[in-house]
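Line order of the protein sequences matches chains A and B. If you count the first sequence from 1, position 59 lands on 59 in this note's numbering, and the numbers rise without skipping. If you count the second sequence from 1, position 43 lands on 235 in this note's numbering, and the numbers rise without skipping.
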Amino acid sequence: MRIVFCGVGAIGSTAAVLCRNLEATLVFIDFDRVESKNLLAQAFVKPSVGKNKAEALKLQLLNLHGVKSEAFGVRVTRDNVAALCGSADLLVDCFDNQASRVLLSEFARAAGRPLVHGALAADGTFGLVRWDERFVPDAEDTEGQATCEGGAHLPLIGQLGATLARVVQDFAKHGTRRDALVSLVAVTPTAS
Amino acid sequence: MATLNITYNGLSSDLPLELDGHVSDVDVRRIAVEVVRSGGAPGLHIANLREDAFSHYVVDRFRGPRGEERIYLRPKVPFGA
């Protein structure tokens, strides 16, 4: 099984690390680089600062956990989405913007690829794991709205990342497609 | 009988809702303000909740496994990476 994580920032990197036990090929896509401030909320370690996030996560999984994976340090566009995601058995959307989520969703629907989304509210109080057939990407309230780069929302990011990883693992092992609402006090299954 | 789930400020509450036909998103937000203020949403009682507390919230509507209507009022979730 080939599981492609699209975006490996806060949610993507956290969920991906928690999928390292799967007998699957993990693939990471992200054009961004690791910054010092990311260390507080994302699964990156200090030696990764300055590296591409996808490459850094691949190196960390290999060096810290002995797990091989693949990395593509590029931005997903209409021109390359089929090449990057066409061989995926499961797509995991952890992008941080509506346009990229829509692009991925349109590809997944056209290509018939399973796609699950992980998404987080700006204030760090709420997150969502939802399969594409029930997901509508939300826009930011204001353009350039602050994202979850600092460490303030780390507990919720961890909870959401773990929930997303569980949903990915359940799909990989049993083919189930569960949704969940994630808040600071509970993880609530909402559909399967 | 529908179920309205309200998520606000890190808390989440389910409450049964008798509906006479379709309710608009605006109505869902208005109902939510009223029930949260009145204590009708278990575990989510905020007497001085602002009138516009849910104005930027998203209303999702699904059918449950037995065909029942489930309405979710939730914050936007634009972020992931």
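Glycine included, every Cβ here is placed at the ideal spot set by N, Cα and C. Please read all numbers here as calculations on a predicted model, not as lab measurements.
Interface annotation for the segment 202-236 of chain B against chain A: G202, L203, S204, criterion Cβ-Cβ distance under 7 Å. For a Cβ distance threshold of 7 Å, nothing in chain B lies close to A:I3: the least Cβ distance comes to about 16 Å.
For the pair A:A16 and A:V92, the CB atoms are nearer than the 9 Å cut-off. Neighbours of A:A119 across chain B, judged by C-beta separation under 8 Å: V269, P270, F271, G272. Three or more Cβ pairs closer than 8 Å define a contact, and the segment 263-272 of chain B meets that threshold against the segment 247-254 of chain B.
Fully enclosed alpha helix (DSSP H) runs of no fewer than 4 residues occupy 53-65, 81-85, 98-111 of the segment 53-124 of chain A, in order along the chain. As computed with DSSP, B:D206 is found in a beta bridge with B:N197.
Taken in chain order, the unbroken stretches of beta strand (DSSP E) that lie wholly in the segment 121-189 of chain A and span 3 residues or more are 126-131, 179-183. B:I223 sits in a helix when the DSSP states are folded into three classes. The count of Cβ pairs closer than 8 Å, one atom from the segment 170-184 of chain A and one from the segment 126-136 of chain A, reaches three, so the stretches are in contact. Taking 8 Å as the upper bound for CB-CB distance, A:C85 and A:R113 are in contact here, some 7 Å apart. Look at the beta carbons and you see the segment 222-239 of chain B not touching the segment 150-168 of chain A: under three pairs across the two are nearer than 8 Å. Against chain B, a Cβ distance below 7 Å from A:E140 picks out P270.
For A:V45, there is no enclosing beta strand (DSSP E), as DSSP gives it neither H nor E. Residues of chain A with a Cβ closer than 8 Å to the Cβ of B:F254 are, in chain order, R134, T190, A191. Between A:V27 and A:F72, the CB-CB gap stays under 9 Å.
For the segment 240-254 of chain B, the beta-carbon criterion of a distance under 9 Å to any beta-carbon of chain A is satisfied by H248, V250, D252, F254.
When A:S87, A:F95, A:A99 are compared, the shortest CA-CA separation from A:A111 is found for A:S87. The C-alpha of A:K173 lies about 10 Å from the C-alpha of A:A24.
Within chain B, the residues placing a beta-carbon under 9 Å from that of A:T125 are T199, Y200, N201, G202, L203, P267, ordered along the chain. At a C-beta separation below 9 Å, A:S105 has no neighbours in chain B, since its nearest C-beta there lies roughly 13 Å away. A Cβ-Cβ contact shorter than 9 Å links A:S48 with A:V34. Residues of chain B whose Cβ lies closer than 9 Å to the Cβ of A:A122 are, in chain order, P267, K268, V269, P270, F271.
At a cut-off of 9 Å between beta carbons, A:S48 makes no contact with chain B. For A:A191, the secondary structure class from DSSP, reduced to helix, strand or coil, is strand. Residue contact check for B:R258 against chain A: no CB pair falls below 9 Å. In the DSSP assignment, B:V250 falls within the unbroken beta strand (DSSP E) covering 250-255.
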